[in-house]
Amino acid sequence: MAGRRKIWTANWAYKEGLIIGVGLFITGISLEYFTMGRGVKSLMEFPFNIYFLVGLLILTLLLWFTARKIAITQWLGSVPAAVSSISLFLIMGLIMGLNMQTDQVQSGFLHFIGFTHISTSWPYMFSVLFLLLSLGITCLKNIFPLNKSKLGFTVSHLGLFVVLISANFGGSQLVRLEMELQENRITTYATNKSDNQVYNLPFAVKLNDFILDEYNPKLTIVNNISGEMIHGNGKNIITIDSSIKFKILKYKIEILNYIESAVKAGDKYYFNNEPGACPAAHVNVTFEDGHQIQAWLSCGSYNRQFESLKLDSQNSLVMLFPEPKLFVSEIQLFNKKGDITNAKLEVNKPFDYDQFKIYQLSYDSNLGKWSDTSVIELIYDPWLPYVYIGIFLMIIGAIYMLFTGAVKKK
Amino acid sequence: MEWISFPNYAIVTITIWVVSLFLKGIFPNNKAVLKTADIIIIGGIILLGYYIIQLWVLLERPPMRTLGETRLWYSLFLSAIGFTFFLRWRYYWFLVLSILFASMFLLMNIISPENFNKTLMPALLSPWFVPHVIVYIFAYSTLGASSLVALKLLIPLKKSESTIEFEYLADNLVYIGFAFLTMGLLFGALWAKEAWGHYWTWDPKETWAFLTWSVYLIYIHLRSKNVFSKRTTYWVLLLAFIVLLVCWFGVNYLPSAANSIHTYSS
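Below you can see the structure in the form of structure tokens.
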């Protein structure tokens with residue numbers, strides 16, 4: 006242990022780590038404070054992110070190839086530096102995990118010291134640099150010359166290094182654009198939601214069809230006076246199946262008939278497929294004293310009334326809006342060369358086109374399955390391949406770790 | 006309507022586990038009894054596995070969405086891991102603790118039953134869903150087991166007893182658990198890119214997953230060069246598990262998580 010060693014003499018360890026960590030943290034917070042919580046966002050924009058990255062890489066290489074014997078280089082490649090830098094990064098994570106993060110500019114002390122926007126703040130930037138220096142030196146130490154006995158170790162460290170670099174230096178180049186499509190119409194522009202700027206795209210998108218599939222709706226009880234659901238943490242919310250009996254609170258309920266798409270005529274519901282048709286269920290309720298009532302329930306739609314059943318002075322039985330199961334946009338893409346591409350966008354199934362990944366995002370939720378609007382998202386992320394390379398290396402490192410296991414220590 | 010007959014399955018499983026542990030404790034030298042007890046324990050694990058399969062079929066989706074459903078898998082893995090390591094290392098205390106914790110998680114599901122709910126939001130409909138959750142819960146179970154060993158190490162041992170075997174066991178469990186934790190985290194990132202457009206957004210659940218990962222990472226580094234006392238290191242291992250529990254259950258209660266996109270239970 007470093008007990009009697011004088012601080013800042015050879016073989017730096019945890020004391021130095023603590024001082025450097027605290028020093029970076031305080032410096033970061035001070036810088037943030039003096040710049041009134043503006044953070045490093047504008048500094049990290051292209052092409053400055055590249056300059057900083059190249060600077061960091063050159064510094065790491067210089068440290069290892071020209072000054073590997075000096076105390077700080079030795080230390081950066083050691084376990085104490087790893088623990089110190091991970092701890093500082095962990096503190097950043099802890100602040101993010103406890104204090105709500107936001108993109109909006111706010112006032113107040115926490116904003117001024119960067120705690121409301123850690124991932125673009127000075128203290129975070131310093132902790133990333135510290136971690137990357139330590140990781141970088143550790144990688145170089147095991148690559149030049151190559152330490153074959155620690156191949157798994159090197160691969161996982163290198164993977165993490167690549168991921169952290171791409172995410173932290175490349176993240177500022179990520180562009181997210183939203184596009185609102187109308188059925189059978191062609192749209193050529195998209196909006197960047199972070200600054201509300203509208204961009205003209207080098208291609209056009211036409212929405213041919215928007216399809217929404219829903220689960221069966223659910224039944225539950227609401228309080229007549231407060232209007233609140235008495236959901237009992239989900240216990241009192243029952244999904245309708247064609248014919249089922251169940252009990253909510255003190256009421257025995259039986260579904261006599263369920264129509265997925267119905268319209269009311271007189272005092273009954275009938276199957277119908279016109280726009281706005283909505284789910285309806287014919288139910289029988291048995292009360293504690295044995296008397297029964299039958300009624301139709303419906304959650305309604307944008308142009309149909311909902312229908313609930315008043316059970317007694319306290320409670321009513323209601324049908325909730327069905328939840329979406331699947332939504333799909335069938336689109337056509339036209340580029341300037343005149344090529345036409347057909348694509349199907351679905352949640353979890355983005356489509357790659359012209360440097361963008363295109364995602365199904367949302368739709369007009371008021372209209373539900375009758376929506377003829379579909380909102381899609383176009384994401385440009387030039388650093389993604391490097392992130393994938395890093396992730397791939399880390400997975401290999403993890404598998405390697407599984408096979409080698411821990412070393413028995415005496 | 007609640008999960009079909011879950012209490013029956015759970016109570017039978019817990020009962021036969023506890024009975025076989027007692028058998029093992031009372032007749033530590035009777036080979037026939039020990040063998041029978043082993044078989045009964047395996048029977049309990051298989052029964053639990055069978056229940057999960059039934060639930061899967063009934064829900065028409067992987068039972069991995071709600072916290073209650075993840076607790077089922079946790080019980081399954083923890084009991085299986087506890088038993089496997091018992092077979093390999095013959096630590097009776099380790100088996101007892103794993104089975105007790107597995108039973109506790111089953112009891113939690115009996116006490117707060119969940120609604121029978123088939124719906125799965127579109128973001129969860131993905132080939133990543135099953136590997137992401139399974140790998141994570143397996144990691145949680147292994148890491149949970151490692152904290153049981155840490156507990157054992159923190160309670161003063163008899164003078165003659167050597168701690169080296171236990172330390173090796175703890176390290177091995179952490180290595181296995183950490184490798185799976187890393188894969189779970191990375192699968193999550195790859196999935197997030199497909200579902201939400203970005204692999205990492207510091208969503209509260211992601212932040213806490215990162216924190217969990219980091220504390221175990223610190224433990225591994227601390228163990229690679231023993232500078233601090235071993236007790237300190239095992240406290241770090243226990244702390245890591247507390248952070249893990251916050252990530253698993255606690256995040257939903259944190260004010261910072263009001264806007265989380267990782268909430269599927271409500």
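Protein chains in written order, with the working numbering: chain A, 6 to 415; chain B, 6 to 271.
Glycine included, C-beta positions come from ideal geometry on N, C-alpha and C.
Selection of the segment 17–39 of chain A by Cβ proximity to chain B, strictly under 8 angstroms = So the close ones are Ala-18, Tyr-19.
Would a check of beta-carbon distances place B:Glu-199 closer than 8 angstroms to chain A?
-> Yes - at least one Cβ of chain A is within 8 angstroms of the one on B:Glu-199.
Report the option in A:Lys-252, A:Tyr-364, A:Val-210 whose CA atom is closest to the CA atom of B:Ala-197.
-> The residue with the shortest Cα to Cα distance from B:Ala-197 is A:Tyr-364.
Round the Cβ separation of B:Ser-131 and A:Asn-353 to the nearest angstrom and send it over; I've been treating them as touching at under 8 angstroms.
-> Indeed, because the Cβ distance is near 4 angstroms, the residues count as touching under 8 angstroms.
With DSSP run on the structure shown, which of helix, strand or coil describes B:Ala-184?
-> Residue state, collapsed to three classes: helix.
For A:Trp-13, name the three-state secondary structure that DSSP assigns.
-> Annotated three-state conformation of A:Trp-13 is coil, per DSSP.
For A:Pro-329, which beta-bridge partners are listed by DSSP?
-> Looking at the DSSP assignment, A:Pro-329 forms a beta bridge with A:Glu-219.
Helix, strand or coil: which one does DSSP assign to B:Asp-43?
-> Helix at B:Asp-43.
What does B:Tyr-258 reach in chain A if we use C-beta pairs closer than 9 angstroms?
-> The contacting residues do not exist; B:Tyr-258 stays about 12 angstroms from chain A at best.
Checking contacts by CB at 8 angstroms: is B:Ile-116 closer than that to chain A?
-> For B:Ile-116, the answer is no, since every Cβ of chain A falls outside 8 angstroms of its Cβ.
Cβ neighbour criterion (16 or more within 10 Å) applied to B:Asn-177 = Buried.
Give the residues from the segment 218–249 of chain A that approach chain B closer than 7 angstroms (Cβ to any Cβ), ordered along the chain.
-> Only Tyr-220, Gly-239, Lys-240, Ile-242, Ile-243, Thr-244 from the segment 218–249 of chain A bring a Cβ to less than 7 angstroms from some Cβ of chain B.
Step through the CB atoms of chain A and report whether any lies within less than 8 angstroms of the CB of B:Lys-230.
-> So, interface residue.
Indicate whether at least one CB of chain A lies closer than 8 angstroms to the CB of B:His-137.
-> No, no contact with chain A.
Which class does A:Ile-301 belong to by DSSP, given the choice of helix, strand or coil?
-> First, the amino acid is wrong: residue 301 of chain A is Trp here, not Ile. Looking at A:Trp-301 - three-state DSSP - the assignment turns out to be strand.
Using 8 angstroms as the limit for Cβ to Cβ distance, is B:Ile-16 near chain A?
-> By this cut-off, B:Ile-16 is not an interface position.
Where do the N-terminal and C-terminal ends of the alpha helix (DSSP H) with A:Leu-366 fall, by residue?
-> In the DSSP annotation of this structure, A:Leu-366 is not part of any alpha helix (DSSP H); the continuous beta strand (DSSP E) holding it starts and ends at 361–368.
Three-state secondary structure assigned by DSSP to A:Phe-208 = Reduced to three states, the DSSP call for A:Phe-208 is strand.
Starting from B:Leu-112, trace the alpha helix (DSSP H) both ways and give me its first and last residue.
-> Counting along the chain, the alpha helix (DSSP H) containing B:Leu-112 begins and ends at 97–116.
Going by DSSP, name the residue or residues bridged to A:Lys-46.
-> BP columns for A:Lys-46 are empty, so no partner.
Sorted by chain position, which residues of the same chain lie with C-beta nearer than 6 angstroms to A:Phe-120's C-beta, five sequence neighbours on each side aside?
-> Within the same chain, A:Phe-120 has close Cβ partners Ile-100, Asn-104.
Taking A:Ala-209 as the reference, which of A:Glu-233, A:Ala-282, A:Lys-273, A:Leu-338 has the closest Cα?
-> The shortest C-alpha separation from A:Ala-209 is found at A:Leu-338.
Got a sec? Which residues, its chain only, sit under 8 angstroms from B:Ile-16 by beta carbon, not counting five neighbours each side?
-> Counting only Cβ-Cβ distances below 8 angstroms, and skipping sequence neighbours, we find Ile-115.
Under three-state DSSP, which class holds A:Ala-267?
-> Reduced to three states, the DSSP call for A:Ala-267 is strand.
So, are the CB atoms of A:Glu-265 and A:Pro-280 less than 8 angstroms apart?
-> At least 8 angstroms separates the beta-carbon of A:Glu-265 from that of A:Pro-280.
Member of B:Ser-103, B:Ile-57, B:Ile-169, B:Arg-93 whose CA lies at the smallest distance from the CA of B:Trp-22 | Taking only the C-alpha atoms, the option nearest B:Trp-22 is B:Ser-103.
Quick one: is B:His-226 near chain A, going by C-beta distance under 8 angstroms?
-> Using beta-carbon distances, B:His-226 counts as an interface residue toward chain A, with a partner under 8 angstroms.
Enumerate in chain order the residues of its own chain whose CB-to-CB distance from A:Ile-3 is below 7 angstroms, with the five nearest sequence positions on each side excluded.
-> In the structure displayed, chain A extends from 6 to 415; residue 3 of chain A sits before or after that span and is not available.
Hey, is the segment 69–80 of chain A in contact with the segment 187–204 of chain A, meaning 3+ C-beta pairs nearer than 8 angstroms?
-> Cβ pair count under 8 angstroms is below three, so no.
With respect to the alpha helix (DSSP H) encompassing A:Ala-285, which residues constitute its N-terminal and C-terminal limits?
-> Here A:Ala-285 belongs to no alpha helix (DSSP H); instead the beta strand (DSSP E) covers 283–291.
Helix, strand or coil at B:Met-69 according to DSSP, with G and I counted as helix | Look at B:Met-69 here: in three-state DSSP terms it is coil, with no helix or strand label.
Check the Cβ of A:Asn-104 against every Cβ in chain B and list those closer than 8 angstroms, keeping chain order.
-> What A:Asn-104 touches in chain B: Ser-261.
Does DSSP put B:Ala-200 in a helix, in a strand, or in coil?
-> Helix.
Near-chain A residues of the segment 30–46 of chain B (beta-carbon distance less than 7 angstroms), N- to C-terminal order | Here the close residues number zero.
Quick one: does A:Gly-119 have its CB under 8 angstroms from some CB of chain B?
-> Not one chain B Cβ lies under 8 angstroms of A:Gly-119.
For A:Val-84, which residues in chain D fall below 9 angstroms Cβ to Cβ?
-> Of the protein chains in this structure, namely A and B, none is chain D.
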